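Going by my numbering, the letters in the sequence shown line up with residues 1 to 230, in that order.
One structure is given here, and the rest of the page talks about it.
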Amino acid sequence: MDLLAENSKGELILIEVQNNNEYAYFQRMLFGTSKLVTEYINRGEGYDKVRKVYSVNIVYFSLGSGKDVVYHGKTEFRGIHQGDVLELTPFQKQTFKVDTVSQLYPEYYILKVNYFNQVARSPLEEWIYYLNTGDIPDNATAPGLNEARQRLKLGRMTKEELNAYYRHLDNIVILRDNIFTERAEGRAEGRAEGERNKQIEIVRNLKKAGVSIDVISQSSGLTVDEIEKL
1 MDLLAENSKG
11 ELILIEVQNN
21 NEYAYFQRML
31 FGTSKLVTEY
41 INRGEGYDKV
51 RKVYSVNIVY
61 FSLGSGKDVV
71 YHGKTEFRGI
81 HQGDVLELTP
91 FQKQTFKVDT
101 VSQLYPEYYI
111 LKVNYFNQVA
121 RSPLEEWIYY
131 LNTGDIPDNA
141 TAPGLNEARQ
151 RLKLGRMTKE
161 ELNAYYRHLD
171 NIVILRDNIF
181 TERAEGRAEG
191 RAEGERNKQI
201 EIVRNLKKAG
211 VSIDVISQSS
221 GLTVDEIEKL
């Protein structure tokens with residue numbers, strides 16, 4: 001299952017959940033990010049328009065050989081002789097709004113959720129625990145888990161409970177719309193009353209200045225009787 005998201009910076013996040021063992025999965029990750037890099041740039045645009053891509057891979061099989069649960073991969077250029085990391089110039093940092101070369105390249109995250117068998121102590125571990133067990137502890141505080149908890153509740157509801165829940169949501173929407181409409185109408189009435197008072201004040205000033213009532217009536221839209229009563 002693949003899911004593509006975009007964050008507030010315009011960066012692309014490719015999330016893939018893989019249940020079945022695939023010996024060439026590392027190459028599949030590379031293909032996925034490369035495809036996004038080429039698809040999300042228009043022909044003729046400069047290379048500075050290449051989008052940053054994150055590849056988040058949630059795997060339920062034994063990928064590679066390693067002891068950790070979460071792996072992070074990024075691109076760095078190291079000197080063969082000096083061993084130093086190739087850095088950006090100050091101009092490049094200012095132009096691209098990043099600090100390192102690796103921030104320009106796709107980054108990879110691998111979550112081997114089946115290997116997580118400990119108490120969750122961080123937001124990331126809370127998510128891994130949920131992905132592994134399907135349960136969300138009551139004390140979980142990771143961003144997004146509360147929404148996931150609500151969806152889990154929906155998934156466990158009977159058809160009758162689900163219908164009642166959606167009716168409740170519909171009623172909330174209707175009530176909110178009614179409140180919004182009443183407020184909007186009240187503001188409109190207030191603006192109309194203000195315009196009316198302003199018009200009356202102008203008519204009174206014109207009368208004091210000796211302008212004929214017929215001329216005032218033609219310019220203001222008020223009747224002669226209305227003007228004479230002011």
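Ideal Cβ positions, reconstructed from N, Cα and C, are used throughout, including at glycine.
Here the structure is a predicted model, which means the values were calculated and not measured.
For residue 54, the secondary structure class from DSSP, reduced to helix, strand or coil, is strand. Rounded to the nearest angstrom, the gap between the Cα atoms of residue 23 and residue 77 is 27 Å.
The Cβ atoms of residue 126 and residue 140 lie closer than 8 Å to each other. Between residue 50 and residue 70, the gap from beta carbon to beta carbon reaches 8 Å or more. Rounded to the nearest angstrom, the gap between the Cα atoms of residue 57 and residue 67 is 17 Å. The C-beta separation of residue 54 from residue 87 comes to about 22 Å, leaving the pair out of contact by the 8 Å criterion. The bridge partners DSSP lists for residue 112 are 59.
In this chain, residue 10 is not harboured by any beta strand (DSSP E), its DSSP state being neither H nor E.
In the DSSP assignment, residue 37 falls within the unbroken alpha helix (DSSP H) covering 25-39. For residue 130, the enclosing alpha helix (DSSP H) begins and ends at 123-133. Inter-residue distance for residue 149 and residue 138 is about 9 Å (C-alpha atoms, whole angstroms). Put simply, the backbone Cα of residue 44 is about 19 Å away from that of residue 96.
Under a 10 Å Cβ-count criterion, residue 129 is classified as buried, with 16 or more other Cβ atoms of the shown protein chains found around its own Cβ. The three-state reading of DSSP puts residue 204 in helix, counting H, G and I together.
For residue 71, the enclosing beta strand (DSSP E) begins and ends at 70-73.
In the DSSP assignment, residue 94 falls within the alpha helix (DSSP H) that extends over 90-96.
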